[in-house]
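Per this note's numbering, the sequence shown starts with residue 28, numbered consecutively. Glycine included, each C-beta is placed from N, C-alpha and C at the ideal position. Here is the structure we will look at, set down as C-alpha cells.
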Amino acid sequence: MVEPITSKQFHESPGVEDWRVLSDGAAAYFATGSFAKGLEFVDRIGALADAANHHPDIDLRYPAVLVKLMTHEVMPNGWLSERDAALAAQISEVARELDIPTDPTKVHTLQIAVDALDIPKVQAFWAALLGRTATEDDLFDPDGMAPNFWFQQMDAERPQRNRIHIDFYLPADQAEARVAAALTAGGTVVRDNGPQWWTLADPEGNEVDIAPWPDTWAGSDE
C-alpha cells in the first residue's frame, strides 16, 4: 500500500533540493537552454519513469523543461509519496549529469477561485463552458494543462467586491519576495495573513491570493 507523505517529508528527502511542493504535487523547472538538450533530458526521464513504473507530467519548451510529480494512488488523502521523492532525486541527478541548471522562481500553481452562493448552479455553468466534469468544489482540467477552477461558498452577497480572483501558489522560499515585487509595482495589501497568505489588489482593485504551500500538508487537516 502506498502511503502519503507531507510536503515537509518530501523536502527532507535526499536529493530533492531542486524541487518545490505546491497544490498539485512537486515541481522543478530545468533551464535546458535548447530544444535538443530538452529532448535528451526528457528521454532520460522517460527511462527512469518506466523503470520505476511512476510517470511524471512533463512540459517541454524550447528553453526549459518543467516536471511535476504526484502519486494518484494516495489521493484524496494526499498528493505525494516516497515514490515521488525517489524519482525526483533521480531526475535531478540526470540534470546534473547533463549540466542543466534549475530555477525555483519559475515554479508556481495558478488557480481561478469563484465565490458563489449556490455552488452547484454556478459550477454547472463553468463545467459546461470549459468542458470539464465537476469534482466536489473543483473543476480540474483532465489534461492538467489549464488552471483549476475552485468554488468557494459565500454566506451572503458582497456588493463592491470581487467574486472571481486568482489563487497563486508559490514555493515557501519565493512567496514573500513576490509579494514585495507586486507591491513595488503598484499593488496594495487587502488582507495580510502572512506568512500563511496575502490578498493583494492591482491598481484597479482586482484581487489575487498569494500563498506558500504548507510543509505539513498531506491532503489532511494537519
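Between the alpha carbons of A76 and T211 lies a distance of about 42 Å. The alpha carbon of Q138 has as its nearest neighbour, out of D229, M28 and D194, the alpha carbon of D194. For Q179, the secondary structure class from DSSP, reduced to helix, strand or coil, is strand. For K133, no beta strand (DSSP E) encloses it, and the DSSP letter there is neither H nor E.
No Cβ-Cβ contact shorter than 8 Å links W106 with G42. Taking T59 as the centre and dropping the five residues before and after it, the same chain places the C-beta of G65, F68, P90, A91, V92 and I127 closer than 7 Å to its C-beta, in chain order. Just measuring C-alpha positions, the residue of D70, D86, D111 and F62 sitting nearest E30 is D111.
When DSSP states are grouped into helix, strand and coil, A161 belongs to the coil group. Boundaries for D194: no alpha helix (DSSP H) harbours it, while the beta strand (DSSP E) harbouring it runs I191 to L197, taken from the DSSP string. Where E109 is concerned, the enclosing alpha helix (DSSP H) starts and stops at E109 to E124. As DSSP reads the structure, D77 sits in no beta bridge. With contacts defined as CB atoms closer than 8 Å, T129 and Y56 qualify as a contacting pair. Counted as a single uninterrupted DSSP element, the stretch harbouring E234 is not any alpha helix (DSSP H) but the beta strand (DSSP E) occupying residues E234 to P239.
Between A143 and M28, the alpha-carbon positions lie close to 38 Å from each other.
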